[in-house]
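The next block holds one structure in the form of structure tokens; read it before the comments.
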Amino acid sequence: MLFHLGVSVEEDSACEDDMECLSLKECRLGLTSGNRMSNILFKCNHEQKKYCCPSDQQSLQVKMKLLPNEKCGKTSVTKITNGKSADFGQYPWMALLGARLSNGSLIFICGGTLISDRYVLTAAHCIRQINASLEKVRLGEHNLDTDMDCNEYCTDPVEDHQIEKSIPHQLFDAHKLKNDIALVRLKKKVPIFTDFIKPICLPFDLKVTDKEGKKYEIAGWGKTDFYDSKGSSVLQFANQVYTTPLEECNPLQAEHVQPLTDTQLCAGGTLGEDACKGDSGGPLMSVEQHPNRRSKQYFQFGIVSFGAIPCGAHTTPSVYTRVSKYLDWILDHIEE
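So that you can map any letter, position 57 of the sequence shown is 57 in full-length UniProt numbering, and since no number is skipped, the others follow by simple counting.
Okay, here's the thing in structure tokens:
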């Protein structure tokens with residue numbers, strides 16, 4: 001086991017100044033990408049099975065506690081069939097970003113995902129490339145045309161949250177659409193998680209990976225174009241979305257966004273099963289066995305970045321920001 005993690009098993013040694021002696025479990029909480037396992041140099045306490053780890057691990061563990069672990073990624077919908085309209089509570093982490101136009105009207109321009117009681121994950125282009133002031137985040141929405149969503153039962157009322165600040169990635173490239181990731185901090189915490197409002201899980205554990213050829217789900221209201229008022233009033237989804245290797249996807253994309261890098265994922269390309277059913281800033285997700293418990297929970301692996309134009313008219317896969325490459329960045333920018 002330790003061999004596969006790249007951990008040395010040398011004799012006990014004192015840790016260097018920028019390292020500290022931690023258990024492997026404690027250390028791994030902060031090692032959010034596989035190549036960082038090499039930062040574990042040697043054992044500092046053989047009897048207690050502790051290792052010398054980078055000294056930022058303790059602070060990262062504190063940050064990890066801001067992201068709900070047991071409550072994330074759980075849906076009240078027990079059976080999901082492929083279709084168009086989602087059921088109530090099928091994706092309770094879905095968020096909508098509302099912007100105020102110069103004429104005073106409020107429109108929803110992008111999607112996002114609730115990842116804690118204070119933060120929404122979205123795409124940087126949703127924040128940087130709009131001629132409007134981002135004003136609020138809506139949670140618990142299903143049908144944009146109705147105040148209360150009902151069939152056999154009714155959902156809870158939506159929650160509109162004011163925004164404290166937006167945090168686009170500092171290296172976001174609006175032309176090449178690289179580092180297309182952002183956080184939105186709410187002014188107040190979400191008061192309570194319900195069947196209709198709860199966070200999605202992020203893939204911090206090394207056992208939860210975004211393998212090629214894997215099947216994913218996407219969801220949204222079709223808010224893929226700031227200037228296009230179309231889309232759906234009801235939350236849509238597709239659950240037969242497969243990834244495409246970057247080397248196959250790259251030549252299919254516009255020249256100005258090439259080359260694609262390992263910080264991006266390609267998925268879709270099947271007519272009707274792409275990000276047209278999602279939103280810019282929305283999630284590419286899948287159900288996974290949680291590494292530390294028996295339950296299955298939804299994990300987010302991608303953020304809708306860009307795709308073919310017109311949407312859905314091509315077999316060209318859409319491109320997503322690969323969340324696993326930005327876990328350190330997320331931890332660096334969240335606060336209590």
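All C-beta atoms, glycine included, are put in the ideal place defined by N, C-alpha and C.
{"Asked": "Assumed close pair residue 122, residue 190 - CB separation to whole angstroms, cut-off 8 Å", "Found": "Not quite, the Cβ-Cβ distance comes to about 16 Å (not below 8 Å), so this is no contact."}
{"Asked": "For residue 185, the first and last residue of its enclosing beta strand (DSSP E)", "Found": "182-186"}
{"Asked": "Classification of residue 63 by the beta-carbon crowding that lies within 10 angstroms, buried from 16 upward", "Found": "buried"}
{"Asked": "Close beta carbons around residue 3, own chain, < 6 Å, minus the five adjacent residues each side", "Found": "With a pLDDT of 32 at residue 3, under the threshold of 50, the modelled position of that residue is not reliable, and the figure given next carries that caveat. Excluding positions up to five away in sequence, the list is empty."}
{"Asked": "Selected residue, minimal CA-CA separation from residue 238, among 69, 140, 15, 90", "Found": "90"}
{"Asked": "Residue 63 - partner residues in DSSP beta bridges", "Found": "Its beta-bridge partners do not exist; DSSP assigns none."}
{"Asked": "Same chain, Cβ closer than 8 Å to residue 297, neighbours up to 5 away in sequence not counted", "Found": "72, 73, 74, 201, 287, 288, 290"}
{"Asked": "Residues of its chain near residue 92, where Cβ-Cβ distance is below 7 Å and the 5 sequence neighbours each way are ignored", "Found": "75, 195, 196, 197, 198"}
{"Asked": "DSSP state of residue 17 mapped onto helix, strand, coil", "Found": "coil"}
{"Asked": "Environment of residue 35 [buried if 16+ CB atoms lie within 10 Å]", "Found": "Only weak support is given to the placement of residue 35: the predicted model assigns it a pLDDT of 38, under 50, and the value that follows is read from those uncertain coordinates. By the neighbour-count rule (16 or more Cβ atoms within 10 Å), residue 35 is not buried but exposed."}
{"Asked": "Three-state secondary structure assigned by DSSP to residue 120", "Found": "strand"}
{"Asked": "Alpha helix (DSSP H) runs contained entirely in the segment 125-212, provided each spans 4 or more residues", "Found": "125-128"}
{"Asked": "Neighbourhood of residue 209 by C-beta distance below 6 Å, restricted to the same chain and skipping five residues each side", "Found": "none"}
{"Asked": "Limits of the beta strand (DSSP E) - the one that residue 346 falls within", "Found": "Because the chain is modelled from 1 through 336, residue 346 falls outside the range shown and cannot be assessed."}
{"Asked": "Cα-Cα separation, residue 266 to residue 320", "Found": "6 Å"}
{"Asked": "Length of the line joining the Cα atoms of residue 300 and residue 44", "Found": "35 Å"}
{"Asked": "For residue 67 and residue 115, believed in contact at Cβ under 8 Å, the rounded distance", "Found": "6 Å"}
{"Asked": "Range of the contiguous alpha helix (DSSP H) that encloses residue 327", "Found": "327-333"}
{"Asked": "Candidates 236, 177, 178, of which the one nearest residue 85 by Cα", "Found": "236"}
{"Asked": "Three or more C-beta pairs below 8 Å linking the segment 156-165 and the segment 134-142", "Found": "yes"}
{"Asked": "Residue 47 versus 65, 21, 111, residue with shortest Cα-Cα distance", "Found": "21"}
{"Asked": "Assigned exposure category for residue 192 - 16 Cβ within 10 Å defines buried", "Found": "exposed"}
{"Asked": "Local conformation of residue 70 per DSSP, three classes", "Found": "coil"}
{"Asked": "Where the alpha helix (DSSP H) containing residue 341 begins and where it ends", "Found": "A question about residue 341 goes unanswered here, because the residues of the chain that appear run from 1 up to 336."}
{"Asked": "First through last residue of the beta strand (DSSP E) which encompasses residue 297", "Found": "296-306"}
{"Asked": "Rounded distance between the beta-carbons of residue 124 and residue 113, thought under 8 Å", "Found": "Incorrect: roughly 15 Å between the Cβ atoms, too far for contact."}
{"Asked": "For residue 324, the three-state DSSP class (helix, strand or coil)", "Found": "helix"}
{"Asked": "7 Å CB neighbourhood of residue 176 in its chain, flanking five on each side removed", "Found": "256, 257"}
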